[in-house]
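Number of protein chains: 2
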Amino acid sequence: MTTNILILSVGTRNKIIQYFKHELKGKGKIIVTDSSELAPALYEADKHYIVPRITEPGYIETILEICTKEKITGILSLIDPELTLLAENYSKFTEIGVTPIISRADLVTMSFNKFEFNKFVQRLGFNSIKSYKELSKFYEDLDNNKISFPVFVKPITGSASINISKVKTKEQLEEMFERFDDLLIQELMDEKEYGVDVYIDLLSSEPVSLFIKEKLNMRAGETDKSISVRNEKLFNLVYDFVTKAGYRGIIDIDIFEKQGEFYISEVNPRFGGGYPHAFESGINVPLQIINNLQNHTNTPNLDYAPGIYMMKFNEVTIKRID
Amino acid sequence: MTTNILILSVGTRNKIIQYFKHELKGKGKIIVTDSSELAPALYEADKHYIVPRITEPGYIETILEICTKEKITGILSLIDPELTLLAENYSKFTEIGVTPIISRADLVTMSFNKFEFNKFVQRLGFNSIKSYKELSKFYEDLDNNKISFPVFVKPITGSASINISKVKTKEQLEEMFERFDDLLIQELMDEKEYGVDVYIDLLSSEPVSLFIKEKLNMRAGETDKSISVRNEKLFNLVYDFVTKAGYRGIIDIDIFEKQGEFYISEVNPRFGGGYPHAFESGINVPLQIINNLQNHTNTPNLDYAPGIYMMKFNEVTIKRID
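As given, the protein sequences belong to chains A and B, one line each in that order. Residue numbers for the first sequence follow full-length UniProt numbering, so the first one is 1 and each next one is one higher. Residue numbers for the second sequence follow full-length UniProt numbering, so the first one is 1 and each next one is one higher.
Structural data, given as structure tokens:
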């Protein structure tokens, strides 16, 4: 059986496409899309399509047509705004024999709302980061010494690091609340930060890949570096969380460590930007996805070496576009 | 004769090291340094050294020792703060048989002072961007309609895009001048921007590589993309400027276009961040450097195809560091 995979909105995620192409050799094709012909990852695939922006009417129909034409077996997206779309249209894909690699729509939507996600983490019985939507509740805890300045202020929804501010005074805080709606006040977490890549088998619903890396903060923050970590307490916590939460497919979890305790900060229900570190360490999620699409349950692949560094640098795609 | 090249402060410039390694095959070795073992480009070279930061006492002596030990023929640096150091210590290197690929110290220093550089461009008879160090002179031209808001305000010295602000009112401008010293007010240039890579032969003093690319501004500005350009007027202007200015070795020139006229904005007397576009288009500066170090004058290599796009993406280096 041929396994053809369609990856949407590939942008600059060349490595992900390279990995899939390598794993699909002899098994099927990797087809990709983007709205811009200047997305370099387009040119890594067996075939690519330039498609409308995801906000355009008829977008999902265009994707469904590509699925039919290219005999697609599985589909996934690499950008946040498209994950909800994919999850909400799940049955439109399964009806034509295509499996979306995505969690349930309600879980995806909740994952993009930092306040709701935080409550969810608490309900499941895990440490969560102290979070406030209302100034009054924050001031109450401030008076009772349950929290102190500085704090982080960020939009409740929206992508990770846009408009995140470290706020030091009531004046600054009130000024921000006057200017913007839907802000979240969060306890400052500035010790250690981990990124965890997890693949939850589509058939067995068990985590069959789990790779922990500590993010290393660099000057100017422009160069991404990380180190692979083996930590039994953190491993068990993530395994437990993922099993209880009900995600499926590939997810990327951000976790903070403060005074020896771990705090689950957010889940991106897609391949994280740091996934190449996991793949290069032997955690082969593309292969696990292909196995699932071929109706095979994966045996867990949870072994990797600690102390391995990943350092990003710029590679280039050179292309004449006619 | 063996040609061994030492490249300093390589950071994440893996591509540059790869190109040199490829061109040196059978001819000599590429040795590199950085102050951090998490600089991925270290691991592309034949050999690497972790060295003190360039501001540490004895730094230049450390580099000279490496030159002697490794029988280095030529040396260059990839970061701005080190260029002046290399230029000022030029004779210390030539005395031990090492050729620094760098322009004269006075030219290097001047290139990092945006006001002085601007006057230099004018003196040589080229269009320059209207620039003011003093509020009074700016206001004079503002009153005479020679310039209008918005303007760019940036530090006179210092790296390209740190703290550059678009300023729209007198109030904003005066607030900035109160808070910071050594600011420069410049006419807003927001039409087209070009990056030009030029290699000026160390023996003939002629430009023997000249590659023009238009920088393409992308959303969020985080992904670098450019397109190769052939434009006779711009080519002749750059050729003329470089010949008159007296730079040597590899330089990167930023040029703006406004209403059909070109304005030379700055020169970085080192490999620019976009050089891979030139190399991948056949403009082989590492080979020209090797030729020069072997005492051969280069024949000009000024031919390349226009309309070729470069798109950057993240590659990763994986490394156990003991």
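C-beta: ideal position from N, C-alpha, C; glycine also. The structure displayed is predicted, hence computed values, not measured ones.
Check your understanding: With a CB to CB cut of under 6 Å and the five nearest residues on each side skipped, what residues in its chain are close to A:Phe262?
Key -> The residue given as residue 262 of chain A occupies position 262 in the first sequence. Same-chain partners within the cutoff: Leu234, Leu237, Ile255.
Exercise for review: Answer yes or no: do A:Ala45 and A:Ile17 have a C-beta to C-beta separation smaller than 8 Å?
Suggested key: Here residue 45 of chain A refers to the residue found at position 45 when the first sequence is read from its first residue. Here residue 17 of chain A refers to the residue found at position 17 when the first sequence is read from its first residue. Taking 8 Å as the Cβ cut-off, A:Ala45 and A:Ile17 qualify as a contacting pair.
Check your understanding: CA-CA distance, B:Ala160 and A:Ile60?
Key -> Translated into positions along the second sequence, residue 160 of chain B becomes position 160. Translated into positions along the first sequence, residue 60 of chain A becomes position 60. Confidence at B:Ala160 is low in this model, with a pLDDT of 43, below 50, so the placement of that residue is unreliable and no value is reported for it.
**Study point:** Where the alpha helix (DSSP H) containing A:Glu266 begins and where it ends
**Key:** Residue numbering aside, residue 266 of chain A sits at position 266 when the first sequence is read from its first letter. Where A:Glu266 is concerned, there is no enclosing alpha helix (DSSP H), although the beta strand (DSSP E) it sits in stretches over 261 to 268.
Check your understanding: At a CB-CB cut-off below 9 Å, which residues of chain B make contact with A:Lys15?
Key -> Your numbering for residue 15 of chain A matches position 15 in the first sequence. Simply Phe313, Asn314, Glu315, Val316.
Check your understanding: Is B:Glu266 closer than 8 Å to B:Ser111 when the C-beta atoms are compared?
Key -> Stepping through the second sequence from its first residue, residue 111 of chain B is reached at position 111. Stepping through the second sequence from its first residue, residue 266 of chain B is reached at position 266. Against a cut-off of 8 Å, the Cβ pair of B:Glu266 and B:Ser111 comes out as a contact.
Point to revise | Beta-carbon proximity check, B:Thr317 vs A:Phe313, cutoff 8 Å | key: Walking along the second sequence from the start, residue 317 of chain B turns up at place 317. Walking along the first sequence from the start, residue 313 of chain A turns up at place 313. It is a contact, given that the beta carbons lie within the stated cut-off.
**Study point:** B:Ser226 - partner residues in DSSP beta bridges
**Key:** To locate residue 226 of chain B, count along the second sequence from 1; it is residue 226. The partner list for B:Ser226 (beta bridge, DSSP) reads B:Lys215, B:Met310.
Review point. Applying the criterion that 16 or more other CB atoms from any shown protein chain within 10 Å of the CB defines a buried residue, is B:Phe180 buried or exposed?
Key: The residue labelled residue 180 of chain B in the question sits at position 180 within the second sequence. Under this definition B:Phe180 is an exposed residue.
**Study point:** Coil, strand or helix - A:Val167 by DSSP
**Key:** Position 167 of the first sequence holds residue 167 of chain A. A:Val167 falls in the strand class under three-state DSSP.
Check your understanding: Going along the chain, which residues of its own chain have a beta-carbon closer than 6 Å to the beta-carbon of B:Lys114, five neighbours each way excluded?
Key -> In the second sequence, residue 114 of chain B corresponds to position 114, counting from 1. Result list for B:Lys114: Ile156, Leu184, in chain order.
Check your understanding: Going by other Cβ atoms of all chains shown within 10 Å of its Cβ, with 16 needed for buried, is A:Lys170 buried or exposed?
Key -> Here residue 170 of chain A corresponds to residue number 170 of the first sequence, with the count starting at 1. It counts as exposed.
Point to revise | C-beta neighbour in chain B for A:Pro269, strict 8 Å | key: Numbered from its first residue, the first sequence carries residue 269 of chain A at position 269. Not closer than 8 Å to any Cβ of chain B, the Cβ of A:Pro269 fails to qualify, so no.
Review point. Mind checking A:Leu78: buried by the 16 CB within 10 Å criterion, or exposed?
Key: Looking up residue 78 of chain A in the first sequence gives position 78. Its Cβ being crowded by 16 or more others within 10 Å, A:Leu78 is buried.
Review point. Should A:Tyr19 go down as buried or exposed, given a rule of 16 or more other Cβ atoms within 10 Å for buried?
Key: The residue labelled residue 19 of chain A in the question sits at position 19 within the first sequence. Result: buried.
Review point. Closer than 8 Å, CB to CB, is A:Gly221 near chain B or not?
Key: Working through the first sequence from its first residue, we reach residue 221 of chain A at position 221. Per-residue confidence for A:Gly221 stands at a pLDDT of 43, beneath the threshold of 50, marking its modelled position as unreliable; the derived number appears in the next sentence. So no, A:Gly221 is outside the interface.
Check your understanding: Any C-beta of chain B sitting closer than 8 Å to the C-beta of A:Gly307?
Key -> Position 307 of the first sequence, counting from 1, holds the residue named residue 307 of chain A. With 8 Å as the cut-off, A:Gly307 counts as an interface residue toward chain B.
Point to revise | Within chain B, the residues that A:Ile321 reaches when beta carbons sit closer than 7 Å | key: Residue numbering aside, residue 321 of chain A sits at position 321 when the first sequence is read from its first letter. Tyr309, listed in chain order.
**Study point:** B:Glu280: contacting residues in chain A (beta-carbon distance under 7 Å)
**Key:** The sequence position of residue 280 of chain B within the second sequence is 280, counting from 1. Ordered by position in chain A, the residues that pass the 7 Å Cβ test against B:Glu280 are Val316, Ile318.
Point to revise | Residues that A:Arg320 bridges to, as DSSP identifies them | key: Counted from its first residue, the first sequence places residue 320 of chain A at position 320. Note: A:Arg320 sits in a beta bridge opposite B:Ile308.
Practice item. Apply the 10 Å Cβ neighbour rule to B:Gly58 and answer buried if 16 or more other Cβ atoms are within range, or exposed otherwise. Key: Here residue 58 of chain B refers to the residue found at position 58 of the second sequence. By the 10 Å Cβ count, B:Gly58 comes out exposed.
Review point. In chain order, which alpha helix (DSSP H) runs of at least 4 residues are fully inside the stretch 12 to 61 of chain A?
Key: 14 to 24
Check your understanding: Between the C-alpha atoms of B:Phe126 and B:Gln186, what's the straight-line distance to the nearest angstrom?
Key -> Position 126 of the second sequence, counted from the start, is the residue given in the question as residue 126 of chain B. Position 186 of the second sequence, counted from the start, is the residue given in the question as residue 186 of chain B. About 16 Å.
Check your understanding: Apart from the five residues just before and just after A:Gly282, which ones in its own chain have a Cβ nearer than 7 Å to its Cβ?
Key -> Indexing the first sequence from 1 puts residue 282 of chain A at position 282. Answer for A:Gly282: Tyr304, listed in chain order.
Check your understanding: For B:Val121, which three-state DSSP category applies?
Key -> As a working note, residue 121 of chain B is residue 121 in the second sequence. If DSSP states are grouped into helix, strand and coil, B:Val121 belongs with the helices.
Exercise for review: Identify, in the order they occur along the chain, each residue of the same chain with its Cβ nearer than 7 Å to the Cβ of A:Ile289, setting aside the five sequence neighbours on each side.
Suggested key: Along the first sequence, one-based indexing puts residue 289 of chain A at 289. Excluding sequence neighbours, A:Ile289 sits near Gly74, Ile101.
Practice item. With distances taken Cα to Cα, identify the nearest neighbour of A:Ser35 among A:Ile212, A:Ile50, A:Asp240, A:Ser131. Key: Counting from 1 along the first sequence, the entry for residue 35 of chain A is found at position 35. Residue A:Ile50 is the option with its Cα nearest to A:Ser35.
Exercise for review: Have a look at A:Gly26 and A:Asn284 and give me their C-alpha separation to the nearest angstrom.
Suggested key: As a working mapping, residue 26 of chain A is identified with position 26 in the first sequence. As a working mapping, residue 284 of chain A is identified with position 284 in the first sequence. Those two C-alpha atoms are separated by around 17 Å.
**Study point:** B:Thr297 at chain A interface by Cβ criterion, 8 Å
**Key:** Numbered from 1 along the second sequence, position 297 holds the residue referred to as residue 297 of chain B. No, because no Cβ of chain A sits closer than 8 Å to the Cβ of B:Thr297.
Check your understanding: Since B:His277 meets chain A, which of its residues come closer than 8 Å, beta carbon to beta carbon?
Key -> Counted from its first residue, the second sequence places residue 277 of chain B at position 277. In chain order: Val316, Ile318.
Check your understanding: What does A:Ala41 reach in chain B if we use C-beta pairs closer than 8 Å?
Key -> Stepping through the first sequence from its first residue, residue 41 of chain A is reached at position 41. Within chain B, the residues near A:Ala41 are Phe313.
**Study point:** Per-residue contacts from A:Lys225 into chain B (C-beta, under 7 Å)
**Key:** Here residue 225 of chain A refers to the residue found at position 225 of the first sequence. Simply Leu38.
Check your understanding: Relative to the alpha-carbon of A:Ile227, which residue among A:Met311, A:Glu178, A:Gly97, A:Ile54 has its alpha-carbon at the smallest distance?
Key -> Position 227 of the first sequence, counted from the start, is the residue given in the question as residue 227 of chain A. Residue A:Met311 is the option with its Cα nearest to A:Ile227.
Point to revise | Cα-Cα separation, A:Leu42 to A:Leu83 | key: Counted from its first residue, the first sequence places residue 42 of chain A at position 42. Counted from its first residue, the first sequence places residue 83 of chain A at position 83. Going by the C-alpha atoms only, they are around 19 Å apart.
**Study point:** Neighbour flag for A:Thr12 against chain B, beta carbons, 8 Å
**Key:** Translated into the one-based positions of the first sequence, residue 12 of chain A becomes position 12. Yes, A:Thr12 lies at the interface with chain B (some Cβ there is under 8 Å from its Cβ).
Review point. So the beta strand (DSSP E) A:Tyr199 belongs to, where does it begin and stop?
Key: Here residue 199 of chain A refers to the residue found at position 199 when the first sequence is read from its first residue. Residues 192 to 200.
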